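Trainee: The structure that follows is given in the form of structure tokens.
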Amino acid sequence: MMIVEEILLAAWPVLEAILTPDELERTHLDVVTAKGEPVTSSTIVSEDLLLRVFVFDEKMGFWLYPPESTDGFTARLRSEFQDFVAESGFGWGELRG
Numbered sequence: 191m192m193i194v195e196e197i198l199l200a201a202w203p204v205l206e207a208i209l210t211p212d213e214l215e216r217t218h219l220d221v222v223t224a225k226g227e228p229v230t231s232s233t234i235v236s237e238d239l240l241l242r243v244f245v246f247d248e249k250m251g252f253w254l255y256p257p258e259s260t261d262g263f264t265a266r267l268r269s270e271f272q273d274f275v276a277e278s279g280f281g282w283g284e285l286r287g
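The following block contains the structure:
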């Protein structure tokens, strides 16, 4: 069973591998419910939670899956985040990471 704090800690190395230092400085992460309500870092991960990644003025949403391991989470995030960057205004067409 994972908590939100573990999700946020596991996400940063994925972002660091894909984003430039300038982009990282302008990156913010949070986790909210399906209704957009914020949760605490000690909240247990459930299927109604969404990891949001903000880079500059662009946002990616990433649904969390409670039975998923940390390795499964980071592999899935890396794949989705690479696509997000390649389709973003700041990284258009670039396959990174």
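When we follow my numbering, the leftmost residue of the sequence shown carries the number 191, and every step to the right adds one.
We put the beta carbon where it would ideally sit given N, CA and C, even for glycine.
All values reported here derive from a predicted model rather than from experimental measurement.
1. Kindly identify the DSSP beta-bridge partner or partners of Met-250.
2. Hey, out of Gly-279, Phe-263 and Ser-278, whose CA is closest to Val-194's CA?
3. Which residue comes first and which comes last in the beta strand (DSSP E) that contains Val-222?
4. By DSSP's criteria, Ile-208 is part of a beta bridge. Which residues make up the other side?
5. Along the chain, where does the alpha helix (DSSP H) containing Thr-260 start, and where does it finish?
6. Measure the alpha-carbon distance for Pro-256 versus Phe-244 and round it to whole angstroms.
7. Excluding the 5 residues flanking Arg-216 on each side, which residues of the same chain have their C-beta closer than 7 Å to its C-beta?
8. Could you tell me if Ile-234 is buried or exposed, where buried requires 16 or more neighbouring beta carbons within 10 angstroms of its beta carbon?
9. Taking the C-alpha atoms as reference points, what is the distance between Trp-320 and Asp-238?
10. Assuming contact is defined by CB atoms lying nearer than 8 Å, are Phe-252 and Leu-267 in contact in what I supplied?
Mentor: Checking against the coordinates, here is how it stands:
1. As a first step, residue 250 is located in the sequence shown; it is residue number 60 there, counting from the start. According to DSSP, Met-250 shares a beta bridge with Val-243.
2. Within the sequence shown, residue 194 is the residue found at index 4, counting from 1. Comparing Cα-Cα distances from Val-194 to each of Gly-279, Phe-263 and Ser-278, the minimum goes to Phe-263.
3. What you label residue 222 is simply residue 32 of the sequence shown in a count that begins at 1. In the DSSP annotation of this structure, the continuous segment of the beta strand (DSSP E) that includes Val-222 starts and ends at 217-223.
4. Looking up residue 208 in the sequence shown gives position 18. In the DSSP output, where bridge partners are listed per residue, Ile-208 has none listed.
5. Sequence index remark: in the sequence shown, residue 260 carries index 70 (1-based). Looking at the DSSP string, the run of the alpha helix (DSSP H) that includes Thr-260 is 260-277.
6. Position 66 of the sequence shown, counting from 1, holds the residue named residue 256. Position 54 of the sequence shown, counting from 1, holds the residue named residue 244. Each residue's alpha carbon lies about 22 Å from the other.
7. For the purposes of this step, residue 216 is taken as the residue at position 26 of the sequence shown. So the qualifying residues of the chain are Val-245 and Phe-246.
8. Looking up residue 234 in the sequence shown gives position 44. With fewer than 16 other beta carbons inside 10 angstroms of its own, Ile-234 counts as exposed.
9. What is shown of the chain runs 191 to 287, which leaves residue 320 out entirely.
10. Stepping through the sequence shown from its first residue, residue 252 is reached at position 62. Stepping through the sequence shown from its first residue, residue 267 is reached at position 77. For Phe-252 and Leu-267, yes; Cβs fall inside 8 Å.
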